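Note sheet for the following structure.
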Ligand code: PSV
Ligand code: MN
Ligand code: MN
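Residue numbers (this note's numbering): 446 to 875.
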């Protein structure tokens, strides 16, 4: 029994108003692509099968360490977050899974939570552990680090928490554990840089040993914050070294905002794939650091180039190709539902554009060292407006052609503002 939050009639009526325009635009694009030897329906089929998970924590209004400005009708618990994620998926038809974070999303009955999600048309993606904050009644503080802490009981506590996340994930139907630790130092000399990595590897291997055979451990690196001098898993180098040491089920997760400025992220993608260690993505955009801005809002071309590498990787699956795709954003000034629908669209568009690249022309130009024609092969695909392909795939799956328009027309947030408890003021999440 599904229990979807937006009226199907509302979606159908809105789609009917736009149907002729969509047919016209899809037809025109189809003819343009046909001239280039591309079948638009094949691309639409691939887009229809593409999905990206949404983070449970992204459903609430984010903030900075200075302030958070809540909105009326914001979700206050995992049940309300799932309901909001269901809206995103119902309208966009691209986000059927939610990635939960523990202990933020802890409940007493995870079997019931899984059923509740299913009734909203949702499943669960990677489970995320949290050893970057102290929780109430926690025995040992993470102020000295977590998996790399100098204190053995603290490391044990962090390992146990990750193993508990795996147990929860089994009940939710997850198959990935994402581990990001904020461990690091704020002063030169504060900790031994080599030994802290040894401690991390030792603790991480205990988590790895608890992974079921068909699970993966996704190691997420981040250059800085909360540590501002050194971070234990600060870049893809430390991440791949750790993943190689841990074993084949350990992979690297690339969060687009976690790199030094100007780093060539698409090249990192190619490198990780080359060694069978590309585990997944946290999609977002960034201007200055780990800004967690909406995907494609600052540098959509970079996102396209990342997808271009992903298509290349898929065509050359050296050690398999199965990266998990997820959004990781903080919506500080927008309605999170709107931001995630718009972000899923931006991500899907980059995927579709990457599918349109004439790979033969690209490879021939590369072999001939014809730099301009190689670049033009990418440019031709990037400049095509693929919106009609995404809209048609969405509508055929029961979603809305105009996702934001239908969402506003539904007055969903206004209704929730009447029903839900108000969120208190305070600092946001990392
Ligand atoms: C850390 O900045 C991060 O990107 C990790 O994915 C965390 O789990 C997430 O943000 C949530 O704050
Ligand atoms: Mn992340
Ligand atoms: Mn982050």
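Yeah, the Cβ is synthetic: ideal placement off N, Cα and C, and Gly gets one too.
Computed from a predicted structure; not experimentally measured.
At a threshold of 8 Å, does residue i count as lining ligand 3 (C-beta to nearest heavy atom)?
i	result
residue 737	yes
residue 703	yes
residue 579	no
residue 546	no
residue 727	yes
For residue i, which residues in the same chain have their Cβ closer than 7 Å to its Cβ, ignoring the five residues on either side in sequence?
i	result
residue 630	636, 672, 674, 675
residue 863	none
residue 744	730
residue 413	Nothing can be reported for residue 413, as the shown portion of the chain is limited to 446 through 875.
residue 608	652, 655
residue 633	674
Does ligand 2 have even one heavy atom less than 8 Å from the beta-carbon of residue i?
i	result
residue 681	no
residue 700	yes
residue 665	yes
residue 549	no
residue 524	no
residue 628	no
residue 625	yes
residue 773	yes
With C-beta atoms as the reference, is residue i less than 9 Å away from residue j?
i	j	result
residue 801	residue 831	yes
residue 610	residue 663	no
residue 430	residue 782	Given that the chain is displayed from residue 446 to residue 875, the structure contains no residue 430 and the question cannot be resolved.
residue 624	residue 574	yes
residue 551	residue 613	yes
residue 535	residue 844	yes
residue 621	residue 677	no
residue 569	residue 548	no
residue 499	residue 797	no
residue 752	residue 740	no
residue 854	residue 455	yes
residue 775	residue 508	yes
residue 641	residue 628	yes
residue 478	residue 829	yes
residue 725	residue 768	yes
residue 840	residue 448	no
residue 638	residue 681	no
residue 557	residue 525	no
residue 734	residue 668	yes
residue 411	residue 737	Absent from the structure is residue 411, since the part of the chain shown begins at 446 and ends at 875.
residue 489	residue 838	yes
residue 617	residue 687	no
residue 836	residue 470	yes
residue 833	residue 597	no
List the endpoints of the continuous alpha helix (DSSP H) containing residue i.
i	result
residue 749	745–760
residue 770	Per DSSP, residue 770 belongs to no alpha helix (DSSP H); it is in the beta strand (DSSP E), 769–772.
residue 848	848–855
residue 714	710–719
residue 460	453–480
residue 617	597–617
residue 559	555–564
residue 493	485–494
Terminal residues of the continuous beta strand (DSSP E) containing residue i?
i	result
residue 696	695–700
residue 623	621–624
residue 534	Segment 523–537 is the alpha helix (DSSP H) holding residue 534; no beta strand (DSSP E) there.
residue 725	723–728
residue 573	572–574
residue 542	542–544
Is there a Cβ of chain C sitting closer than 9 Å to that of residue i, yes or no?
i	result
residue 597	The structure shown contains no chain C; it is built from a single protein chain.
Looking only at its own chain, which residues have a Cβ that is under 8 Å from the Cβ of residue i, when we skip the five neighbours before and after it?
i	result
residue 567	527, 530, 531, 534, 541, 542, 543
residue 484	478
residue 872	Any answer about residue 872 is weak, because its pLDDT of 49 lies below 50 and its placement is not dependable; what the coordinates show is given next. Excluding positions up to five away in sequence, the list reads 508, 509, 510, 511, 512, 513.
residue 852	451, 532, 536, 782, 783, 786, 845
residue 679	629, 666, 667, 668, 669
Give every residue of the same chain whose Cβ lies closer than 6 Å to the Cβ of residue i, excluding the five residues on either side of it in the sequence, and list them in chain order.
i	result
residue 860	none
residue 657	none
residue 826	798, 801, 802
residue 660	620
residue 875	Bear in mind that the predicted position of residue 875 carries a pLDDT of just 46, short of 50, making it unreliable; the figure below should be weighed with that in mind. So no residue of the chain qualifies.
residue 465	none
residue 699	726
Measuring only from the beta carbon, is residue i closer than 8 Å to any heavy atom that is part of ligand 1?
i	result
residue 500	yes
residue 612	no
residue 777	no
residue 670	yes
residue 573	yes
**Message:** List, from N- to C-terminal side, the alpha helix (DSSP H) runs of 4 residues or more that fit wholly inside the region 629–684.
**Reply:** 638–654
**Asked** What residue ranges within the region 782–833 form continuous alpha helix (DSSP H) runs of no fewer than 4 residues, ordered along the chain?
**Response** 804–812, 816–827
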